[in-house]
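J.: Residue numbers (my numbering), protein chains in the order written: chain G, 1 to 225; chain V, 1 to 462; chain S, 1 to 299. We treat Cβ as the ideally placed atom computed from N, Cα and C, and that holds for glycine.
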Amino acid sequence: MHDLLTGVFFWITLGVCLIGMLARFIMYFRGLSWQLDRVAYTSYPAAGFKGAVRSIYKWLIPFGTYGWRTQPFIAIAFFGFHLGAVLIPLFLLGHNLFLREKLGISFFTLNADVADIFTWMAVASAFFLVLRRLVLPEVRIMTTRYDYFILLVSIAPFITGLLARYQVGEYSFWLNMHIFCGELLLIAIPFTKLSHVFLFFASRAQLGMDFGIKRGGMKGTKMAW
Amino acid sequence: MPEGKFCNKKPVDTAEGINELLSDTSGNDYYKEMKELEVDSDLLWKTIQNTVKSRMKTWLEICAHCGMCADSCFLYEVNGRDPKQVPAYKIQSTLGEIIRKKGKVDNEFMRHCMEVAWAQCTCCNRCGMYCPHGIDTGIMFGYLRGLLYQQGFVPWELKIGAGMHRVYRAQMDVTDADFVDTFEWMVEEYEDDYPGLTVPVDVEGADIMYTVNAREVKHYPEDLAEAAILFHIAGENWTVPSKGWEETSLAMFAGDWAACKMQVESVYAAMERLKPKRMIGTECGHAHRATVVEGPYWAGRKNGQPPVESIHYVEWLAEALNTGKLKIDPSKRIKEPVTLQDSCNYIRNQGLKKATRDIMKHIVEPGFFIEMSPNKEHNYCCGGGGGFNGIGLFRKQRNIALIKKRDQILETGAKLVLAPCHNCWDAIRDLEEVYEIGIRWSFLKPVVVKMLEIPEHLRPEE
Amino acid sequence: MFKKILFATSATGASDHAARVAFNIAKSYQSHLNIFHVLGVPSRGYSQVVVDVKTKERVDVDEDYTAWVTEDIRTYYEKYLDESLNYTIDVAVGVPAREILRQAKILKPDLILLGGSTGDEGESVYKKSSLGSTLQKVAKSANCPVLFVNRPAASFWGGLSNIVFGTDFSKISDKAFDFAMKVAKTLDCELSVFHALDISALHAGKMLNQDEIEQQIRESLRKIRSRYEPRLKELKGYSMDVWEGIPFIEIVKYARDKQADLLIMAHHSRKISSEDIRLGGNVEQVIVRAGCPVISINK
Ligand code: HEM
Ligand code: SF4
Ligand code: SF4
Ligand code: SF4
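1. V/F388 and V/P420: beta carbons closer than 8 Å?
2. Given that a residue counts as buried once 16 or more other Cβ atoms are within 10 Å of its Cβ, and exposed if not, what is S/S43?
3. Quick one: residues in its chain with C-beta nearer than 8 Å to the C-beta of S/V125, no 5 flanking neighbours on either side, listed in chain order?
4. Considering only the beta carbon of each residue, do V/G161 and V/A254 sit closer than 8 Å?
5. Shorter than 7 Å, the distance from the beta carbon of G/F200 to the closest heavy atom of ligand 1, or not?
6. How close, in whole Å, do the beta carbons of V/R55 and G/Q35 come, if the pair is a contact with beta carbons under 8 Å?
7. Check the C-beta distance from G/A122 over to G/G80 and give it rounded, since I have them as a contact under 8 Å.
8. Give, in chain order, every unbroken run of the beta strand (DSSP E) that is at least 3 residues long and sits entirely within the segment 359-447 of chain V.
9. At which residues does the beta strand (DSSP E) containing S/V41 begin and terminate?
10. Expressed to the nearest angstrom, what Euclidean distance is found between the alpha-carbon atoms of S/I112 and S/C144?
11. Nearest chain V C-beta to S/S296 closer than 8 Å, yes or no?
12. If distances are taken between C-alpha atoms only, which option among S/L147, S/I246 and S/F165 comes closest to S/T9?
13. Beta-carbon separation of V/H165 and V/A251 under 8 Å?
14. On the DSSP letters alone, give me the boundaries of the beta strand (DSSP E) that S/L114 sits inside.
15. Quick check on the burial criterion: 16 or more other C-beta atoms within 10 angstroms. Buried or exposed for S/S130?
16. Less than 8 Å between the beta carbons of V/V292 and V/P307, yes or no?
17. How many Å lie between G/I155 and G/R133 at the Cα?
18. Ignore the nearest five residues each way along the sequence and tell me which others in G/A75's own chain have a CB closer than 7 Å to its CB.
19. Please state the DSSP three-state secondary structure of S/K253.
20. At a cut of 8 Å, does the segment 425-442 of chain V reach the segment 106-115 of chain V through at least three beta carbon pairs?
21. I need the DSSP call for V/L211, collapsed to helix, strand or coil.
22. So for V/G4, helix, strand or coil by DSSP?
23. Which residues in chain C sit within 8 Å of S/D62, going by Cβ to Cβ distance?
24. So G/D210 is in the alpha helix (DSSP H); what residue range does that whole segment cover?
25. For a contact meaning CB atoms closer than 8 Å, what does S/R74 contact in chain V?
26. Residues of the segment 65-90 of chain G with a CB closer than 7 Å to any CB of chain V: list them in chain order, please.
27. So, helix, strand or coil for V/A64, using DSSP?
28. Assuming G/F25 contacts G/A202 (C-beta within less than 8 Å), just tell me the rounded distance between them.
29. Can you tell me which of the three DSSP states S/G119 falls into?
30. Between S/S260 and S/N162, which are expected to be in contact by the criterion C-beta below 8 Å, what is the C-beta distance as a whole number of angstroms?
31. Taking CB distances under 8 Å as the criterion, tell me whether G/M223 reaches chain V.
32. Tell me which residues share the same chain as V/W316 and place their Cβ nearer than 7 Å to its Cβ, disregarding the 5 neighbours each side in the sequence.
33. Can you determine whether any heavy atom of ligand 1 sits closer than 7 Å to the C-beta of V/I311, and answer yes or no?
34. If we cut at 8 Å on Cβ distances, does V/Y220 have a partner in chain S?
35. Please list the residues of the segment 135-147 of chain S that have a C-beta atom closer than 8 Å to any C-beta atom in chain V, keeping them in chain order.
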């Protein structure tokens, strides 16, 4: 079982995820239409590029935008969750050892304590994100089962990972579950709402270009995100 | 009776058609017929397939349903934080639903969409600034309006308004002759006070070609005189086109893209005919958006620019004041608390916040200008944008929508509100009518005209 | 003398005094009377909907509605409308002052007659905006004399015998004088020429002592004599006076004192600054207060 998950399945899921992301990313930009979107993307690449970069990086800074500042609760929950969701898969020591073995590459690794903190933070934040969906009427009204499913798919690797880490019950069972959930997540990324992992950059870049080219950027006004 | 006599899928494009629609008082029969109007699901789905491409598809797909856009929408706030007014909910439950059902929606649903598209969103685009994914719901509502218009589900006044553009190339029944006559009449009326005042019609190669809002011609022609006076005193070499003088577009509010194209092309044709150095439009927000910001795309201009550089009135005024072409008599500056309405259409959506503030610096005694809060690109819609002001069916909702601006104005304590946008001016007028908070409001032109320092050689002899 | 008269009316009680004068003049001089009513002011943004000035309701104006309003006006003035009267009725939609001026541009009347505040409440919200009131706008921009009848006391136009002409020695005042002479001659009236010396402290920036005041009064009288007396002699009777005080109060008092049937003044368009718009200029103040009809001339 373990061999299967770390062998064929790993290769398939990773491939599907990466190729899927790349394909959709390219499709996104090819599907942009200057006339339908009413943005002259190609006529002003410099202005568009500047707008796009600003629009992305401002939103990646915690409390970097009016949006984050006016909604501190979700800002904290969002960054708490996403720091874990992005950093742990890539920079956990265990993951890196695995990657070195499989791909012959490895990234910088997180200190074990820090990794623990991020993981717990992600789980706790996910809990608050769920709570928010249950409690706030303005969020509840839009929330669908699909949203909970996505949250579950996203957080399952963390929970199973923690269960394995603290050896609650049988280690190898939780480890397999963890790998399984992780691979499920990889598969889910290109095909579900989790596509926002890369489409976030695409969508923000698009609106950034819109403001950078048409809505004031070329008048010398930087959008006050 | 799927296609009604008044309410149908055909745009009005004759004067008789407009009169016929107008003869149906308040659109009573029009809305009655709308209940029977058939939805052409095939056409709807085909249109969507052709026009919903990656941008909107992605927006609808990746929306996290996180509700961060909720507080950014003034309509959500003034309606008791009704969750049904959350921007993402509004668009997901209308456009989102139509797409999920592949266009197979019924008449009742389309009428619901009409209410949401015109009475629950003014296309102010504020929510787009507050969404982490960069989802601009206002743009999607603009798009939804187009779908609804195509199917005949459009408020009565806007069907008429779009028709006006088709017939008269103006938002009201003002002909080219009416325009020139009225402008000349106004100049005559004021030439005693401003010797040498003229209105140069159809002059080729002028520095400025001026375009207006047909309402000025029809009801408020003083505005034309004031524009002429300011150009005259500033010593500008300007002209107006006898054709293609209307900058506004109710067709944009209606979602009648074909009429939008006809309208802006008439202005662009004037630019190409007269070859001015620049085009300047009057103090109107949506007109600027229609003709300068969005228009080039409707007209298929790939570089997104009108044929000649086109600027908003506030940009010209700021420039004239900054360069000293126009001089203000400091003793006549505004010496009472005064506030400024930032029009979404050219502040948030074209970044002209500096121009209006430069103007305020010149015309207001230091210390008397009080900003609304929030302001500039974060300012709230006046409450009547996107056509909301003119729709009788949604008048009640519109009056509620005014509350945000009312409270913002009250908070400044100012009794004078400068509103360099026709729609905002209307909404603020209406909010005084409805809520009686004791304010006055004005465009910039009349205020500036009264405080000008007139050069010796342009003064009337006494 | 008045071949064509444009009578702008709200066709409500507010215009009744003016109506009496309008029909009176029209009948006396066999004038053509155009009864003109601005039935609605624009409302609801860009839409075609207007606020009916009488019912205060929002209405869509179409042919039926205009016909109905026209009929309504005919009924309202029924008692005046007989065969001997040469009249037409027109209705329009828009901002009242502007529409009255537009009608005047088309008709080119010899006299515009403006009733008590035309389109009162329906317009109140407009008055507060920068547009100024109907009265100010029409007085400022009309190309012909404008006759105002504001108070009921002013609604009498019988055989005119005394006319008061207020002057401030400006060029426009000279024009107004020409007109006053014409009226006085045609109607065979007495004409009293009057000037008010403005002694409000605000105006001079200092208090004048009585000697100085009297000195100035003598000067003004001399001016009146040299400017107007030669022509006044053509009339059967005339007088000339200068009083000191707040001009618009003094002239109203003077007219009362003289039992004037008509007051004629010049209107200085240029002097309307933003302050005056709120306080009302001199002529506006006189119009509001006078006990007889007032004619304002600006060109
Ligand atoms: C650099 C990569 C990523 C970016 C920029 C990003 C950005 C965002 C944004 C802007 C939102 C919506 C705002 C919000 O709900 O607060 C969001 C929501 C979400 N993201 Fe990500 N994300 C990234 C990676 C991930 C990954 C790797 C996962 C999964 C492990 C994930 C799972 C989620 C989930 C479940 C939500 C919904 C949260 C909720 O219920 O409110 N994201 N993300
Ligand atoms: S803020 Fe953006 S992602 Fe969140 S619900 Fe609103 S539109 Fe969707
Ligand atoms: S565009 Fe403006 S009115 Fe429309 S949903 Fe967004 S914030 Fe609300
Ligand atoms: S009317 Fe003015 S404030 Fe309102 S949406 Fe339009 S531009 Fe914005």
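T.: Let's see:
1. no
2. buried
3. Model confidence at S/V125 stands at a pLDDT of 46, short of 50, so the residue's coordinates are unreliable; what they give is reported in the following sentence. Cβ neighbours of S/V125 beyond the five flanking positions: none.
4. yes
5. At least one heavy atom of ligand 1 is nearer than 7 Å to the Cβ of G/F200, so yes.
6. Not quite, the Cβ-Cβ distance comes to about 12 Å (not below 8 Å), so this is no contact.
7. 7 Å
8. 416-418 and 440-442
9. H32 to P42
10. 7 Å
11. no
12. S/L147
13. yes
14. L111 to L114
15. Here S/S130 scores only 36 on pLDDT, less than 50, and its place in the model is too uncertain to base an answer on.
16. no
17. 16 Å
18. P62, F63 and W68
19. helix
20. no
21. Here residue 211 of chain V turns out to be Thr, not Leu, going by the sequence shown. DSSP places V/T211 in strand when its eight states are reduced to three.
22. Note: V/G4 maps to coil in three-state DSSP.
23. In summary, chain C is missing from the structure at hand, where the protein chains are G, V and S.
24. Segment: none, G/D210 is in no alpha helix (DSSP H) and carries neither H nor E.
25. Per Cβ cutoff of 8 Å: no residues; S/R74 is ~23 Å from chain V at best.
26. Y66, G67, T70, Q71 and I74
27. The answer is coil: DSSP assigns V/A64 none of H, G, I, E or B.
28. Yes, G/F25 and G/A202 are in contact; Cβ-Cβ is about 6 Å, under 8 Å.
29. Annotation note: pLDDT 42 at S/G119 (below 50); position unreliable, coordinate value reported separately. The answer is coil: DSSP assigns S/G119 none of H, G, I, E or B.
30. For the record, residue 260 of chain S in the displayed sequence is Ala; it is not Ser. Between S/A260 and S/N162, the beta carbon gap of about 5 Å places them in contact (Cβ cut-off 8 Å).
31. yes
32. The beta carbon of V/W316 is closer than 7 Å to those of I280 in its chain, skipping five residues each way along the sequence.
33. no
34. yes
35. S141
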